[in-house]
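Notes to accompany the following structure.
Protein chains: 2
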Amino acid sequence: METKAATTLLAALAQETRLTIYRLLVAAGPSGLPAGQIAEQLQLAAATASFHLKELSQAGLLAARQEGRFIFYSANYAQMNALLAFLTENCCGGTPCGSDVPCC
Amino acid sequence: METKAATTLLAALAQETRLTIYRLLVAAGPSGLPAGQIAEQLQLAAATASFHLKELSQAGLLAARQEGRFIFYSANYAQMNALLAFLTENCCGGTPCGSDVPCC
DNA sequence: CCTTTATTTCCATAATATTGGAAATATGGA
DNA sequence: TCCATATTTCCAATATTATGGAAATAAAGG
Chain A
1 METKAATTLL AALAQETRLT IYRLLVAAGP SGLPAGQIAE QLQLAAATAS FHLKELSQAG
61 LLAARQEGRF IFYSANYAQM NALLAFLTEN CCGGTPCGSD VPCC
Chain B
1 METKAATTLL AALAQETRLT IYRLLVAAGP SGLPAGQIAE QLQLAAATAS FHLKELSQAG
61 LLAARQEGRF IFYSANYAQM NALLAFLTEN CCGGTPCGSD VPCC
């Protein structure tokens, strides 16, 4: 991952509503939840929820699948894991962090 | 950590210049680097670097310490670790993720 | 106290993001 | 085909963020 891609992911999560949506879907597990239920649960206007779901999806943090008239959104765990790896990468220039100075 | 605090951290990192600064300081290790050297290394106007360093510090991601005429900034690893824990917390509603559906 | 160097604050400009109402689109069932 | 429901797109108002020049502050050493 490069810096640009990481900022896209971070920006997607750096917003209270979106972070709440994301965590709701992390907790919901792989099957996810339909857009309407997400909006309802978080008391959001449909347009607002849709806007944030798009942001998260475009960043690759969510997957969307159609099921009947519903669109289910679910968390993409792989993307988050890649982000976490990037954030702690190259800690202390590669020198293993001493146990007296715990780093990453 | 609550959602609000986490968005503050994420917002601080969700900007290319700031993420680059943060990673530079993660790589620099616990001793950190003086503000001027960070600005120079990243080719930033002093005011711009100062603005971003303040954002990161206010979020708690950086520590600042005066040393002579220099102000050394360094990464606060604990804050990042707390963020990582928060992001993966409560995955799949607490149900351990099956090895066939690897989550977090 | 004056000078040099390091950094920050002030400020205005420019760019980007968030919000939700209303209209458009899509899906499935009667 | 027509209707009800689910979701998205369009749009405009509002709010937030980033940038850097210039001036202010701070620290150390003559």
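So the sequences go chain by chain: A and B. So the first sequence is numbered by full-length UniProt numbering: it starts at 1 and just counts up by one. So the second sequence is numbered by full-length UniProt numbering: it starts at 1 and just counts up by one. Note that the Cβ used here is the ideal one computed from N, Cα and C, for glycine as well. Fair warning: this is a prediction, and the values are worked out from it, not measured in the lab.
Secondary structure of residue i, DSSP reduced to three states
i	result
residue 107 of chain A	Because residue 107 of chain A is not part of the residues shown, which for chain A are 1 to 104, the question remains open.
L33 of chain A	strand
A45 of chain B	coil
E2 of chain B	coil
A39 of chain A	helix
A28 of chain B	helix
Run of the alpha helix (DSSP H) containing residue i, from where it starts to where it stops
i	result
L62 of chain A	Counting along the chain, L62 of chain A falls outside any alpha helix (DSSP H), though it belongs to the beta strand (DSSP E) covering 62 to 67.
A78 of chain A	77 to 88
One or two residues paired with residue i in a DSSP bridge
i	result
I71 of chain B	B:Q66
Outcome for residue i when other beta-carbon atoms lying within 10 angstroms are tallied against a minimum of 16
i	result
G36 of chain A	exposed
G32 of chain A	buried
A28 of chain B	buried
residue 120 of chain A	This structure gives no information on residue 120 of chain A, because the portion of chain A shown stretches from 1 to 104.
A47 of chain A	exposed
residue 128 of chain B	Nothing in the structure corresponds to residue 128 of chain B, since chain B is present only between 1 and 104.
T7 of chain A	buried
F72 of chain A	buried
Q43 of chain B	exposed
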